[in-house]
Every structure is written in C-alpha cells, then in structure tokens.
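Enquirer: Under the numbering used here, the first residue of the sequence shown is numbered 10, with each subsequent residue one higher.
Beta carbons are placed, not taken as given, at the ideal position from N, Cα and C, and that holds for glycine.
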Amino acid sequence: MTTTRFAPSPTGKLHLGHAYSARVAHDLARKQNGRFLVRFEDIDHTRVRPEYYEGILTDLRWLGLAWDEEPWKQLDRLEHYQAALDRLKALGVVYPCYCTRREIETELTNLTHAPHGPEGPLYPGTCRGLATPPADREPAWRLDFQKGADLVGLLTFHDLRHGKIDVDPGLLGDVILARKDIGTSYHLAVVIDDAAQKITHVTRGEDLLGSTHIHRLLQTLLNLPEPAYLHHQLILDDSGQRLAKRHDALAISTLRERGEDPWNMLPPA
Ligand code: GLU
Ligand code: ZN
C-alpha cells in the first residue's frame, strides 16, 4: 500500500515550508488510498523542546492533514539504529572517528586540495585506517563510502520529479552514521525508519537530494527495500532564502492567529 510520511524535527515551529512538504506527502498517500504517517526526527536532542511535538500536531490538524497512526519518535528507537550500526560494523563499512569539529577544520585548512561536496567541505578521512585510536575518547562512526560502494556496485534511485538518478556514493563523503552523543545520525535513522514503517514513497525537499545517494547505499548494504522518491521544490522567502526557524512571521501558528490561510500563500499541489 502506498505509504508516505512527514518527518519534522521538533526543534521549532512548523512554517510554510513544512506545510507544503507535509501536504505533498499527505496528498500523494490520499490520492492512492494509502497511508500518511508522521515521524518526529528528534535525535538532535539538545535542540528538541517538548512543546514543539504537540505544537506540530496541532498545526497539522489545523491544516487539515490527518495522519493514520500514532506518530513515531526516533528517540524511542535508538536500539534499532544500534543494531543497524552493528551490522554495518560486521560488514566492515564503518570506522570510528575521534576527530573534534575543530580538528577537522584545521585539517581542511592545511590541505591544498580539501575535498568538497555540494553541501560544503567533506570529511578528509583522517581516521580511516587509524592504527592506534586515542584511549580517552568516545568515537563517532563514519561510513567508509568507498568500501560500501565496492560491496554493492552501481545503484540508482527513481525520483518522481527528476527521473532516474545514478547514485554517486561519494557525493557527501564519509558521513557520520553514529554521533558519539546519541549513537545514530539522520542518515542511519531515516533509512531504518522508512523501512520499518514500510514507506513506499519518500517525499521531502530537494535540499535533501544529496542525502538520498547515501540512503540508497545504506539501504542496499542493510538489505532494505528501495522506496520511490519525490524531492519537491523548496518554499523560499521574498529574498529567495529558504524558510528557517527565524521566519517566525511565516510560522503556521502565527498565520492561524492572524486568520490567514497558508494554502493561499503556497504554490498549488
Ligand atoms: N527531518 C527532516 C527535515 O526536517 C526531513 C527528513 C526527511 O524527510 O527525510 O527536513
Ligand atoms: Zn576522525
């Protein structure tokens, strides 16, 4: 059955961009008599605030976007991410990284040809093949994308807007799959949960198109099904910037209080 999801982070209020994204997922499911789910991506636990969970659901209800099952919270699912990380360790496609952010920055400024991706500088691979790990530090775990890519061969994904796309497994470099504070990352958690919730169509903003290359690699390594994708346009403000937490005037709750209709301010579906 067609199943879609909206996966907000409860680190702020819903704004117009989220409303658009939620509607894309909702409408795709409804058109096919499928299921529309909500999942709280709350692993960024230091920025999460309890009132945002309820606020987001209140906004979705007011927007008329009804979901079909009790929303999941990623913080309830850490053991599943741990199990997936263990499988990746057994495959030999992850390695511990002891670098601090500052050390990575220093390393990058010292390199003449610092690796670059679409979203900025890539991790320079300092800890790949590290012989003696420092005893006093907890590691994060990074994907060794080259080892992963060698195991799975060529991959593609299908996007309803962009068509068939060849996976470039190194696009984002050796990304973190498990942060040292929480034992997972966006990439690992989203792949595990999309499979666990049997999501058939992953819909999200096109700012996450790059992440999908990593997700296809992880899905294949972990033997998970391949969903279809729809990376939709981003909703921008008047100056062409993507909407962010600072756009309080465009928060759904603000529009509700002012009696404004968010759908009039958004492009048609
Ligand atoms: N939590 C992400 C966001 O707020 C969505 C991630 C996804 O849909 O894969 O943009
Ligand atoms: Zn490192």
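Let me make sure I understand the geometry here. Which of L23, S18, T11, P19 has the alpha-carbon closest to that of L264?
Expert: The residue labelled residue 264 in the question sits at position 255 within the sequence shown. The residue with the shortest Cα to Cα distance from L264 is L23.
Enquirer: Using C-beta distances below 6 angstroms, list every residue in its chain close to D51, excluding the 5 sequence neighbours before and after it, in chain order.
Expert: Numbered from 1 along the sequence shown, position 42 holds the residue referred to as residue 51. Taken in chain order, the residues that qualify are P19, V57, K82, Q83, L84.
Enquirer: Closest to T209 by CA distance: which of S194, L233, D216 is it?
Expert: The residue given as residue 209 occupies position 200 in the sequence shown. The option with the nearest alpha carbon to T209 is L233.
Enquirer: Suppose you measure from the CA of D247 to the CA of A123; what does that come to, to the nearest Å?
Expert: The residue you call residue 247 lines up with position 238 of the sequence shown. The residue you call residue 123 lines up with position 114 of the sequence shown. Between D247 and A123, the C-alpha separation is close to 34 angstroms.
Enquirer: Could you tell me how far apart the beta carbons of H256 and R170 are, in whole angstroms, since I believe they sit closer than 8 angstroms?
Expert: Here residue 256 refers to the residue found at position 247 when the sequence shown is read from its first residue. Here residue 170 refers to the residue found at position 161 when the sequence shown is read from its first residue. No, H256 and R170 are not in contact; Cβ-Cβ is about 24 angstroms, not under 8 angstroms.
Enquirer: In the DSSP assignment, find the unbroken alpha helix (DSSP H) run with W299 in it and report its ends.
Expert: There is simply no residue 299 to check, as the chain begins at 10 and stops at 278 in what is shown.
Enquirer: From the DSSP secondary-structure annotation, give me the bridge partner or partners of W76.
Expert: Against the sequence shown, residue 76 aligns to sequence position 67. None; W76 has no bridge partner.
Enquirer: According to DSSP, is I113 part of a helix, a strand, or is it coil?
Expert: Start at 1 with the first residue of the sequence shown, and residue 113 comes out as number 104. Helix.
Enquirer: Does ligand 1 have even one heavy atom less than 8 angstroms from the beta-carbon of A38?
Expert: Stepping through the sequence shown from its first residue, residue 38 is reached at position 29. The answer is no for A38.
Enquirer: Below 8 angstroms, is the gap between the Cβ of V161 and the nearest heavy atom of ligand 1?
Expert: Locating residue 161 in the sequence shown gives position 152, counting from the first residue. Outside the cutoff, so no.
Enquirer: To the nearest angstrom, how far is it from the Cα of D159 to the Cα of L152?
Expert: Locating residue 159 in the sequence shown gives position 150, counting from the first residue. Locating residue 152 in the sequence shown gives position 143, counting from the first residue. D159 and L152: Cα-Cα distance of roughly 13 angstroms.
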